[in-house]
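Residue numbers (my numbering): 6 to 168. Each residue gets a CB set at the ideal place from its N, CA and C atoms; glycine is no exception. Quick caveat: nothing in here was measured; it's all calculated off a predicted structure. Here the structure is laid out as structure tokens; the discussion comes afterwards.
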């Protein structure tokens, strides 16, 4: 499951720290696994624990603490909608419910075609642009009206040839 290329990436991250502080690379190793597999499985946590000489539960604690690590397979596009207070006050929940209706799923679910996973998110740090959402943990989308949400989803579907 963990390829030699992945192990080489782990080694590059571990090398950034003193030998007795290898566990400092845990977040980088989790990110590498997620980039390559799309999620962090218990098996990959075990490999990371072995590489970093730390208990597997300690790796799992990091995985579960941060919502950026997927603990199950996700859709190709993970849509995290902020529903923290500033976004709530500017229709964050409305945005989440609009996407639920458009995609035909509830928060936390993935569409049957495996294309979209919809999640609620804590503060994304762009309160002035509320409501905001994060696509695939990398692309911040601001001032998300229903029209902009529709445009985003329709554009992603079109890019995949699923109009």
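Worksheet item: Can we say the stretch 116-135 touches the stretch 87-98, given the rule of at least three CB pairs closer than 8 Å?
Response: yes
Worksheet item: Taking the alpha-carbon positions, what's the residue 100 to residue 145 distance?
Response: 15 Å
Worksheet item: Contact check, residue 35 vs residue 67 under 8 Å by CB: the rounded distance?
Response: 6 Å
Item to complete: Kindly indicate the opening and closing residues of the beta strand (DSSP E) around residue 154.
Response: Element bounds for residue 154: not the beta strand (DSSP E) but the alpha helix (DSSP H), 151-164.
Worksheet item: Whose C-beta lies closer than 6 Å to the C-beta of residue 7 among residues of the same chain, with five residues either side of it excluded?
Response: 52
Worksheet item: Under 9 Å, do residue 103 and residue 151 count as touching if we go by C-beta distance?
Response: yes
Worksheet item: Straight-line CA distance for residue 22 to residue 30?
Response: 8 Å
Worksheet item: Should residue 165 be labelled buried (16 or more other beta-carbon atoms within 10 Å of its own) or exposed?
Response: exposed
Practice prompt. State yes or no: is the beta carbon of residue 47 nearer than 9 Å to at least one beta carbon in chain B?
Written response: No chain B is present in this structure, which holds just one protein chain.
Practice prompt. Compute the Euclidean distance between the alpha carbons of residue 73 and residue 9, then round it to the nearest angstrom.
Written response: 24 Å
Worksheet item: In the DSSP assignment, what residue or residues form a beta bridge with residue 82?
Response: 121
Worksheet item: In its own chain, which residues sit with a C-beta less than 8 Å from the C-beta of residue 58, not counting the 5 before and 5 after it?
Response: 27 and 28
Discussion item. Starting from residue 92, trace the alpha helix (DSSP H) in both directions and tell me its first and last residue.
Written reply: 90-94
Practice prompt. Mind listing, in chain order, the continuous alpha helix (DSSP H) runs of no fewer than 4 residues lying wholly within the stretch 26-63?
Written response: 31-42 and 47-57
Fill in: Top-ranked residue by Cα proximity to residue 84, from 122, 129 and 32
122
Discussion item. Quick check on residue 169: buried or exposed, where buried means 16 or more other Cβ atoms within 10 Å of its Cβ?
Written reply: Here the chain has residues from 6 to 168 only, and residue 169 is not among them.
Worksheet item: Leaving out five residues before and five after residue 108 in sequence, what residues of the same chain have Cβ atoms less than 8 Å from its Cβ?
Response: 116, 121, 123 and 158
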